[in-house]
Amino acid sequence: MSRFLRESYQRLQPYTPGEQAQDKRWLKLNTNESPYPPAPQVIAAITPAEIADLRLYPDPDVRRLKAALAAAYQVKSENLFLANGSDDILNLAFMAFCGPDKAALYPEISYGFYAVYADLHQAQSRQIPLRADFTIDYRDYCHDEGFICLANPNAPTGLALSLEEIEAIVSSNPGHVVLIDEAYVDFGAESAIGLTAKYENLLVVQTFSKSRALAGARLGFAIANPALIADLERLRFATNPYSLNRLSLLAGEAAVSADTYYRERCRDIMETRAYTADVLQALGFTVTPSLTNFLFIQNALLPGETLYQQLKADGILIRHFSTEKITDYNRVTIGTRPQMDVFLEKVQAVLHHVKNANQSDERRKNTHDQC
Ligand SMILES: *Cc1c(COP(=O)(O)O)cnc(C)c1O
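To convert, take the position in the sequence shown, counting from 1, and add 742; that gives the working numbering.
See below:
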């Protein structure tokens, strides 16, 4: 840190991304990317002629991708906002809707970036604990006390609120914006997009990074009433109006046109999720009923950190959190069925090892007692 950095940023705790190993030999189940390639249409969209056009600025109004998304989600272009990943949207939304004069409310266990953005924009954070079973009590968010940010389904728990619960939160906060982060909604939960026509304080955020297999393209979008969208555009045009690059915009348009392909891949992932959860439960793991492309798992015989380290030694990356309340747990991205079989085989080997070690400990203790 230099002595020039503004004092207000010196204590900022940046977000720690999951490991992004750059050599290819890892089985990456740690950052919830898709195990499948983008749709063939996406690959065909990036032509040499389009690459040659990189000398030109992209459309700052993102008209073509907005029109494509508007048709797909049955809204108007004026209801749509696009930015460089949904992280970029979250940043602008925290900048716009909370601050020194307005608190930010979000669950204590959730996407780690919410706390970073609240801090960055000097909002007071109210981190609301989950219930012991990791569910969210929607009534904790019904008091119109500040800007609300909820991942639905939540990460890393995988658990979702119902649309009725979301609506109860939105309708009981007329004085504040409620942001619903639907990064994982395509894997089985209900979207709140339909409520945006009814509530002027609802901002729904989605991403191309998970279900549309475009994490590397950095595309996120939000749907809300036109006034909220105009607020976000105001800040985007005050920071970086060209934040969406030409190639990613093309990839995004092609991805929206390939709806069938993505629905099939989401279905594949949901099937593999059910299979993986069954095998893990048979092995004695606790597995939350996830509606996402990851599982949140725990085994009483096996500290979360140990499983993470042992799998890493075998070339498999999963996500471990050091946060006290979830340190026994790990988050595992759903890959392809063959990838999950590799993962499950290694998990079984680690468990076998731990059980054997425990048994020989027991035996040693017993022999000792007999002496
Ligand atoms: C992955 C994720 C994001 C970030 O998505 P990008 O569009 O890649 O920036 C946002 N929110 C949640 C809950 C996520 O899991």
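Ideal placement from N, C-alpha and C gives every residue a C-beta, glycine not left out.
No experiment lies behind these values; they were computed from the predicted model shown.
Going straight from the alpha carbon of residue i to that of residue j, what length do you get?
i: residue 1103; j: residue 912; result: 54 Å
i: residue 807; j: residue 1063; result: 36 Å
i: residue 1090; j: residue 1023; result: 12 Å
i: residue 902; j: residue 789; result: 40 Å
i: residue 1007; j: residue 811; result: 19 Å
i: residue 906; j: residue 954; result: 27 Å
Is it right to say residue i is buried, meaning 16 or more other beta carbons lie within 10 angstroms of its own, or is it exposed?
i: residue 893; result: buried
i: residue 1040; result: buried
i: residue 1065; result: exposed
i: residue 775; result: buried
i: residue 836; result: buried
i: residue 1026; result: exposed
i: residue 952; result: buried
i: residue 938; result: buried
With a CB to CB cut of under 6 Å and the five nearest residues on each side skipped, what residues in its chain are close to residue i?
i: residue 823; result: 964, 971, 974
i: residue 923; result: 893, 947
i: residue 927; result: 933
i: residue 1061; result: 760, 772, 1073
i: residue 1015; result: 1076
i: residue 868; result: 845, 847
i: residue 949; result: 828, 925, 962
i: residue 917; result: 886
Shortest alpha-carbon distance to residue i belongs to which of the options?
i: residue 766; options: 1101, 976, 1059; result: 1059
i: residue 852; options: 1002, 925, 782; result: 925
i: residue 847; options: 1031, 882, 743; result: 882
i: residue 826; options: 1045, 1096, 990, 1095; result: 990
i: residue 832; options: 936, 891, 758; result: 891
i: residue 940; options: 817, 1070, 743; result: 817
i: residue 859; options: 850, 873, 834; result: 834
i: residue 733; options: 849, 1108, 954, 864; result: This structure gives no information on residue 733, because the portion of the chain shown stretches from 743 to 1113.
i: residue 874; options: 884, 850, 855; result: 850
Excluding sequence positions up to five away, which residues of its chain have a Cβ less than 7 Å from the Cβ of residue i?
i: residue 980; result: none
i: residue 1019; result: 1029, 1037
Do residue i and residue j have their CB atoms nearer than 8 Å?
i: residue 942; j: residue 910; result: no
i: residue 1030; j: residue 876; result: yes
i: residue 800; j: residue 986; result: yes
i: residue 802; j: residue 984; result: yes
i: residue 787; j: residue 993; result: yes
Check each residue's C-beta against every heavy atom of ligand 3 and list, in chain order, those closer than 5 Å. Ligand 3 is not part of the structure shown, which contains ligand 1 as its ligands.
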